[in-house]
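Colleague:
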Amino acid sequence: MSKPSDLVQGTLDLLVLKTLGLEPMHGWGIAQRIRQTSGEVLQVNQGALYPALHRLEQNGWIRAKWGESENNRRARFYSLTPAGRKYLEREEANWRRLSAAIGLVLENS
Amino acid sequence: MRWHYRVWLRLRTMFRRGRVESELGEEVRLHIERMTEENAARGMSTEEARRAALVEFGGVEQVKEECRDARGVRWLEEAWQDLRFGMRQLRRAPGFTVVALITLTLGIGATTAIFSVSEAVLLRRPYRDAGRIVVVLERFPRVPGSAFVLSPEFRAWKERSRSFEEIGAYGFGSGANLTGIGEPVHVSVGNVTTGFFGVFGIQPVAGRGFVAAEARQGAAPVAMLSETLWRSRFGADPKIVGRTIRLDSEVYQVVGVAPGNVAMATADVWTPLALDSPFFSPHNPAWTMLQVWGRLKRGATAAEAKADLQVLTEQLNREYGVQSAQFRAGVRVDATPLHEFLVLGYGKLLEILLAAVGCLLLIACANVANLLLERGVVRAGETAVRAALGAGRWRLIRQSLAESLLLAAGGGAAGCAAGVWATRFLRQLVPEWLTVHVGMNWTVLWASAGFAIAALLVFGVAPAIAGARPEAGDALRHAGNHATGGRRRWQNWLPATEVALSLVLLIAAGLLVRSFVRLSNVPLGFDPHGVYVASVNRPVTRGTDPARSMAFGNAVLEGIRRLPGVEAGCLATQYPLGMPNNAALEVDVRGAGKVRFVKPAVVASISPDCFRVLRIAFQAGRGISDADAATAPKVAVVSEAFAREVFRGRGAVGQEIRLPDANATEWTEVVGVVADTRGIPLGEEPDPAVFTPFAQQPSFRMSFLVRAAAPGELAEAVRKTVLSVDRNQPLSESRTMDELVARQVAPLRFRMLLLGLFAVLAMTLAAVGVYGVVSYSCSRRAREFGIRSALGAGRREILGLVLRQAGGIAAVGVAVGLAGAFGATRLLSGFLYGTKPDDAATFFVVPAGLLAVALLAGYLPARRAVRLDPARLLREE
Chain H
0 MSKPSDLVQG
10 TLDLLVLKTL
20 GLEPMHGWGI
30 AQRIRQTSGE
40 VLQVNQGALY
50 PALHRLEQNG
60 WIRAKWGESE
70 NNRRARFYSL
80 TPAGRKYLER
90 EEANWRRLSA
100 AIGLVLENS
Chain P
0 MRWHYRVWLR
10 LRTMFRRGRV
20 ESELGEEVRL
30 HIERMTEENA
40 ARGMSTEEAR
50 RAALVEFGGV
60 EQVKEECRDA
70 RGVRWLEEAW
80 QDLRFGMRQL
90 RRAPGFTVVA
100 LITLTLGIGA
110 TTAIFSVSEA
120 VLLRRPYRDA
130 GRIVVVLERF
140 PRVPGSAFVL
150 SPEFRAWKER
160 SRSFEEIGAY
170 GFGSGANLTG
180 IGEPVHVSVG
190 NVTTGFFGVF
200 GIQPVAGRGF
210 VAAEARQGAA
220 PVAMLSETLW
230 RSRFGADPKI
240 VGRTIRLDSE
250 VYQVVGVAPG
260 NVAMATADVW
270 TPLALDSPFF
280 SPHNPAWTML
290 QVWGRLKRGA
300 TAAEAKADLQ
310 VLTEQLNREY
320 GVQSAQFRAG
330 VRVDATPLHE
340 FLVLGYGKLL
350 EILLAAVGCL
360 LLIACANVAN
370 LLLERGVVRA
380 GETAVRAALG
390 AGRWRLIRQS
400 LAESLLLAAG
410 GGAAGCAAGV
420 WATRFLRQLV
430 PEWLTVHVGM
440 NWTVLWASAG
450 FAIAALLVFG
460 VAPAIAGARP
470 EAGDALRHAG
480 NHATGGRRRW
490 QNWLPATEVA
500 LSLVLLIAAG
510 LLVRSFVRLS
520 NVPLGFDPHG
530 VYVASVNRPV
540 TRGTDPARSM
550 AFGNAVLEGI
560 RRLPGVEAGC
570 LATQYPLGMP
580 NNAALEVDVR
590 GAGKVRFVKP
600 AVVASISPDC
610 FRVLRIAFQA
620 GRGISDADAA
630 TAPKVAVVSE
640 AFAREVFRGR
650 GAVGQEIRLP
660 DANATEWTEV
670 VGVVADTRGI
680 PLGEEPDPAV
690 FTPFAQQPSF
700 RMSFLVRAAA
710 PGELAEAVRK
720 TVLSVDRNQP
730 LSESRTMDEL
740 VARQVAPLRF
750 RMLLLGLFAV
760 LAMTLAAVGV
770 YGVVSYSCSR
780 RAREFGIRSA
790 LGAGRREILG
800 LVLRQAGGIA
810 AVGVAVGLAG
820 AFGATRLLSG
830 FLYGTKPDDA
840 ATFFVVPAGL
850 LAVALLAGYL
860 PARRAVRLDP
870 ARLLREE
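And the structure:
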């Protein structure tokens, strides 16, 4: 089954976790935040977001809770678990190493 | 913390599905609401805003589905779904489910239980490392069928053979009276060499086995007790070793207790065989016969041992005198592994048993296959619909796999449980004198369960694989077309095969039943009902004087005659069914020379009343009377067979004969002729018999035969009577004659019940098979029947149509089965009595009965079919 996604799956996971590292947030908010912070470059495919959230929850990296959103609406809030934080740190380091390496290759050849 | 949180999540996803689903729906709905508002804020109309949001989100259901996937329990969930679906399907077809389960239960349970018990009884022996035990025999060309070893050979082998870790012998046992421990009791005594227990790897329960110093002539007498005797007589005394016991007034010191599992030879008390006795010397003309077993050295084979012993025996042969050399000319030594020896002994019975198990299992599998294939056909339409509605092929296969697995689990569990239970039940029927441990044969259980379940899975899934093909559309188009559904050959072949297989078993069982009836009703020549037998062995020290033996016998007889309910009593040294007759007798007839019997003959001394007690008919002359005292002229009564062979048509009464063991030179006058009586084995023609007055030929061994109203209740009174005459005299035997007869027919009865059980089970399964096929085809042809009856066909015609199918199946099955039975029953010929393997009555009655059963199995669904209302049937379609 092909997944309609603009972002590589692992990258989306990383972005979601990083966003949730700041504060607990609902799905809609996560998508908005990624778009804003990336300077409108990264468009999160709404259809891919929720499966990613569920997968992350299943892996125990995030946890979901129903709560009130900023304009008094019901929403499902996701927050990072300690295990998720550790995973995020590891993945972030990996990402930095990888992008630095790619940067070196691009500059020097 | 993390892993159990994940487990909790997964369980929540599985078992709180409703909650999780509604949360997912709510989350997505809220998200789309936000997007719609956002779009509306950008100036779109409400309608437009909503549509744009949906487009951007991309198929709501797909996203939900992906979320479910992401939760990672989807396959589990689906498997769970499949199982529940299978459960529902099975519940919706209770007939199919119940029949399949019963088939599996019977097929697995019955076959394994019956096989386990029989195999254990026949072959299992509880010895350590039994693969190294060999049975050693000498075959003497001059003694056809000999199965023993002569004592000198044994000593030579024991001293010189290099093949054995241990070699031991059992000298045919005897009996003795154990006195001084409570009431006297008759015990069996086994004489064994020092290596005997070691060969079987048997460790004493207490104390030790015999040592070489005790197996010498003149050594202080020692004995080992059997565990049974130790428990029953000595209260399992832990200080038994070193105590003394008295056997026939000789004192033995107990050195140990032997466990009760020495099934190859049993005895209550064991004593050592002295290897330096003259019996073991090659130069002594008198030998004893021994049973010999050896434990091979590690790595040695039975063939090597055999060659080794053969060489030693031939060496020894050169040391013998002329007479023995003649006897031993051409002797061959056999060394056979124990298991092989037992298999050889029971080979045919085992083959029959295995064949029966195979038949039953095949029938069960055929039944299951048949049921599943039928079900597959009936469901082809449903499968096609589901495939058309988008069910994946793999999913469809998995669903039928789930259903088959459910059946396999249920049937397998029920079969195993039935097997274990039936083994326990059958174990009670095993005679207790067989000291074998009867347990479930797990190999056979797993094998038959595996076989049945494999059949179940293969035939359960095959229709789904076929049905789930892309071209299932064809099936869909034809699905409604029940009325003219193509004939499928296997549909009738499978039950026909079942009928054929069960017919073979039924005929075999029928032949055994006929043999059993024949043997049970064979005229015995005497009347065993109402006769009680008690035997005593007078110790030689007290019984050598004939007068004292006589006095003892008469005193006991007097006492017995005074007991309440006793009609008559007598005394005899031998009686019908007592012991096998093995003496080949030579009789000297006055004026006609010597006559040698080919068959064994009975030589018995009896007291006057014996013919009356046993109700043996007189043919001529008189019986034995009180007047035939020790000092009176010698007389004898002979049986018809004796008279026929010895006097060849001349009148027997008045002839004079001399028996070999009557050392007197006096002639004995034949005073009467009585009817023949059968002995052991019961199936053979009566042996010739000659009876002399006990007063003239007293013996230290005697039996009291008592005719009474309730012979089964005499044991205690007779025992007390004997004790009142000699307080140290136990009974060596105490039973009714009916029991003796029953013991003679027991092996045949056992085989009859065994095969009968298989046959009845097989017939039941075959009937179920026929019933299944006919009722399925009835339901498939319901519309056709409706049309036929609408066109004026009566119930009779429709009944005929259905019965023709059942009859066809049964006829083909019976025809094939008959052919098979003609071949297969030859295996049985050695087990039959008075019945030929192709006995016409059996070959007529049994197939007729089976046809009737098969027709009945077809009649039940047929009757249901004609009762259906044709109008309603046609409307339903």
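Protein sequence lines, in the order shown, are assigned to chains H and P. Counted the way numbering that gives the first Met the number 0 counts, the first sequence spans residues 0 to 108. Counted the way numbering that gives the first Met the number 0 counts, the second sequence spans residues 0 to 876. Just so you know, even glycine gets a beta-carbon here, dropped at the ideal spot from N, CA and C.
1) If we cut at 9 Å on Cβ distances, does Gly40 (chain P) have a partner in chain H?
2) Using a Cβ cut-off of 9 Å, which residues of the stretch 41-53 of chain H contact any Cβ in chain P, in chain order?
3) Does the structure place the stretch 762-781 of chain P close enough to the stretch 804-820 of chain P that three or more beta carbon pairs sit under 8 Å?
4) May I ask you to report which of helix, strand or coil DSSP gives Gln618 (chain P)?
5) Could you pull the start and end residues of the alpha helix (DSSP H) that Glu381 (chain P) belongs to?
6) Assuming Glu497 (chain P) contacts Leu764 (chain P) under a Cβ cut-off of 8 Å, what Cβ separation, rounded to an integer in Å, is found between them?
7) CA-CA distance, Gly130 (chain P) and Phe340 (chain P)?
8) By how many angstroms is the C-alpha of Gly179 (chain P) removed from the C-alpha of Phe196 (chain P)?
9) Give, in chain order, every residue of the stretch 7-28 of chain P whose Cβ lies closer than 9 Å to some Cβ of chain H.
10) Among the candidates P:Ala461, P:Leu739, P:Ile452, P:Ser548, whose CA atom is the shortest distance from the CA of Gly577 (chain P)?
11) Taking Cβ-Cβ distances shorter than 9 Å, what residues in chain H pair up with Val54 (chain P)?
12) Pull up the CB-CB distance for Leu444 (chain P) and Gly411 (chain P), whole angstroms please, since I reckon it's below 8 Å.
13) In terms of DSSP beta bridges, what is Ser115 (chain P) paired with?
14) For Val852 (chain P), which residues from the same chain have a beta carbon less than 7 Å from its beta carbon, with the 5 sequence-adjacent residues on both sides left out?
15) With 9 Å as the threshold, decide whether the Cβ of Gly59 (chain H) is near any Cβ in chain P.
16) So Ala119 (chain P) and Gly438 (chain P) are supposed to be a Cβ contact under 8 Å. How far apart are they, rounded?
17) Under 9 Å Cβ-Cβ, which residues of chain P neighbour Glu56 (chain H)?
18) Just confirm the distance between the C-beta atoms of Ser117 (chain P) and Leu753 (chain P), as a whole number of angstroms; I'd bet it's less than 8 Å.
19) Would you say Arg33 (chain P) lies against chain H (beta-carbon separation less than 9 Å)?
20) Classify Ala146 (chain P): buried if its beta carbon has 16 or more other beta carbons within 10 angstroms, exposed otherwise.
21) Return helix, strand or coil for Arg734 (chain P), following the three-state DSSP convention.
22) Nearest to Gly524 (chain P) by CA position, among P:Asn553, P:Ala546, P:Ala640, is which residue?
23) Report the option in P:Glu46, P:Arg41, P:Phe56 whose CA atom is closest to the CA atom of Ala47 (chain H).
24) Quick one: measure Cβ to Cβ for Gln290 (chain P) and Ala168 (chain P), integer angstroms, because I've assumed they're closer than 8 Å.
25) At the 9 Å Cβ level, is Gly26 (chain H) part of the contact set with chain P, yes or no?
26) Ordered along the chain, which non-local residues of its own chain (more than five positions away) have a Cβ less than 8 Å from that of Gly174 (chain P)?
27) For chain H, check one thing: does any of its Cβ atoms lie closer than 9 Å to the Cβ of Gly58 (chain P)?
28) Between Ala619 (chain P) and Ala571 (chain P), is the Cβ-Cβ spacing less than 9 Å?
29) Under 9 Å between the Cβ atoms of Arg595 (chain P) and Val586 (chain P)?
30) Which residues in chain H sit within 7 Å of Glu65 (chain P), going by Cβ to Cβ distance?
31) Among P:Gly208, P:Val612, P:Val135, whose alpha-carbon lies nearest the alpha-carbon of Asp307 (chain P)?
32) Cβ of Ala231 (chain P) within 9 Å of Cβ of Arg154 (chain P)?
33) Verify whether the separation of the beta carbon atoms of Glu712 (chain P) and Gly568 (chain P) is less than 9 Å.
34) Any Cβ of chain H within less than 9 Å of the Cβ of Val773 (chain P)?
35) Would the stretch 399-410 of chain P and the stretch 449-465 of chain P be scored as touching if the rule is three or more Cβ pairs under 8 Å?
36) Name, in chain order, the residues that DSSP records as bridge partners for Pro336 (chain P).
Modeller: In brief:
1) As a working note, residue 40 (chain P) is residue 41 in the second sequence. Looking at the sequence shown, residue 40 (chain P) is not Gly but Ala. Chain H, which has no Cβ nearer than 9 Å to the Cβ of Ala40 (chain P), makes this no.
2) Per Cβ criterion, the list reads Asn44, Gln45, Gly46, Ala47, Leu48, Tyr49, Pro50, Ala51, Leu52, His53.
3) Touching, per the Cβ criterion.
4) Position 619 of the second sequence holds residue 618 (chain P). Three-state DSSP puts Gln618 (chain P) in a strand.
5) To locate residue 381 (chain P), count along the second sequence from 1; it is residue 382. Residue range 379-387 is occupied by the alpha helix (DSSP H) that includes Glu381 (chain P).
6) Position 498 of the second sequence holds residue 497 (chain P). Position 765 of the second sequence holds residue 764 (chain P). In this structure Glu497 (chain P) touches Leu764 (chain P) by the C-beta definition: roughly 6 Å separates them, less than 8 Å.
7) Against the second sequence, residue 130 (chain P) aligns to sequence position 131. Against the second sequence, residue 340 (chain P) aligns to sequence position 341. Within the model, the alpha-carbon separation for Gly130 (chain P) versus Phe340 (chain P) is close to 11 Å.
8) Here residue 196 (chain P) corresponds to residue number 197 of the second sequence, with the count starting at 1. Here residue 179 (chain P) corresponds to residue number 180 of the second sequence, with the count starting at 1. Approximately 28 Å, taken between the alpha carbons.
9) Against chain H - using a Cβ distance shorter than 9 Å - the residues of the stretch 7-28 of chain P are Leu8, Arg9, Thr12, Glu22, Leu23, Glu25, Glu26, Val27.
10) As a working mapping, residue 577 (chain P) is identified with position 578 in the second sequence. The shortest Cα separation from Gly577 (chain P) among P:Ala461, P:Leu739, P:Ile452, P:Ser548 belongs to P:Leu739.
11) Numbered from 1 along the second sequence, position 55 holds the residue referred to as residue 54 (chain P). Per Cβ cutoff of 9 Å: no residues; Val54 (chain P) is ~10 Å from chain H at best.
12) Start at 1 with the first residue of the second sequence, and residue 444 (chain P) comes out as number 445. Start at 1 with the first residue of the second sequence, and residue 411 (chain P) comes out as number 412. Contact doesn't hold; Cβ gap of about 10 Å is too wide.
13) For this step, residue 115 (chain P) is matched to residue 116 along the second sequence. In the DSSP output, where bridge partners are listed per residue, Ser115 (chain P) has none listed.
14) Counted from its first residue, the second sequence places residue 852 (chain P) at position 853. Once the five neighbours on either side are set aside, the close Cβ partners of Val852 (chain P) are Met762, Ala766.
15) By one-based count along the first sequence, residue 59 (chain H) stands at place 60. For Gly59 (chain H), at least one C-beta of chain P is nearer than 9 Å to its own C-beta.
16) The residue labelled residue 119 (chain P) in the question sits at position 120 within the second sequence. The residue labelled residue 438 (chain P) in the question sits at position 439 within the second sequence. Between Ala119 (chain P) and Gly438 (chain P) the beta-carbon gap is near 7 Å, inside 8 Å, which marks them as a contact.
17) Locating residue 56 (chain H) in the first sequence gives position 57, where the first residue counts as 1. Ordered by position in chain P, the residues that pass the 9 Å Cβ test against Glu56 (chain H) are Leu8, Ala69, Arg70.
18) By 1-based counting over the second sequence, the position of residue 117 (chain P) is 118. By 1-based counting over the second sequence, the position of residue 753 (chain P) is 754. That belief holds up - the Cβ atoms of Ser117 (chain P) and Leu753 (chain P) are roughly 6 Å apart, short of 8 Å.
19) Sequence index remark: in the second sequence, residue 33 (chain P) carries index 34 (1-based). Cβ-Cβ to chain H under 9 Å: yes for Arg33 (chain P).
20) Position 147 of the second sequence holds residue 146 (chain P). Answer is exposed; the Cβ neighbour count stays below 16.
21) To locate residue 734 (chain P), count along the second sequence from 1; it is residue 735. Judged by DSSP in its simplified three-state form, Arg734 (chain P) adopts strand.
22) What you label residue 524 (chain P) is simply residue 525 of the second sequence in a count that begins at 1. For the residues P:Asn553, P:Ala546, P:Ala640, the minimum Cα distance to Gly524 (chain P) belongs to P:Ala640.
23) If you number the first sequence from 1, residue 47 (chain H) lands on position 48. The option with the nearest alpha carbon to Ala47 (chain H) is P:Phe56.
24) Here residue 290 (chain P) refers to the residue found at position 291 when the second sequence is read from its first residue. Here residue 168 (chain P) refers to the residue found at position 169 when the second sequence is read from its first residue. Confirmed, Cβ separation roughly 7 Å.
25) The sequence position of residue 26 (chain H) within the first sequence is 27, counting from 1. For Gly26 (chain H), the answer is yes, since a Cβ of chain P falls inside 9 Å of its Cβ.
26) As a working note, residue 174 (chain P) is residue 175 in the second sequence. Here the set comprises His185, Val186, Ser187, Val188, Asn536, Ser731.
27) The sequence position of residue 58 (chain P) within the second sequence is 59, counting from 1. Yes, Gly58 (chain P) counts as interfacial toward chain H.
28) If you number the second sequence from 1, residue 619 (chain P) lands on position 620. If you number the second sequence from 1, residue 571 (chain P) lands on position 572. Not a contact, by the Cβ cut-off of 9 Å.
29) Counting from one through the second sequence, the residue named residue 595 (chain P) turns up at place 596. Counting from one through the second sequence, the residue named residue 586 (chain P) turns up at place 587. If you check the CB distance, Arg595 (chain P) and Val586 (chain P) come in under 9 Å.
30) Counting from one through the second sequence, the residue named residue 65 (chain P) turns up at place 66. Going along chain H in sequence order, the residues near Glu65 (chain P) (Cβ under 7 Å) are Pro50.
31) Numbered from 1 along the second sequence, position 308 holds the residue referred to as residue 307 (chain P). The residue from P:Gly208, P:Val612, P:Val135 with its alpha-carbon nearest to that of Asp307 (chain P) is P:Val135.
32) For this step, residue 231 (chain P) is matched to residue 232 along the second sequence. For this step, residue 154 (chain P) is matched to residue 155 along the second sequence. According to the sequence provided, residue 231 (chain P) is Ser. The question's Ala does not apply to it. Not a contact, by the Cβ cut-off of 9 Å.
33) Taking the second sequence and counting its residues from 1, one reaches residue 712 (chain P) at position 713. Taking the second sequence and counting its residues from 1, one reaches residue 568 (chain P) at position 569. No.
34) To locate residue 773 (chain P), count along the second sequence from 1; it is residue 774. By this cut-off, Val773 (chain P) is not an interface position.
35) Verdict: yes, contact present.
36) In the second sequence, counting from the first residue as 1, residue 336 (chain P) sits at position 337. Pro336 (chain P) is bridged to P:Val133.
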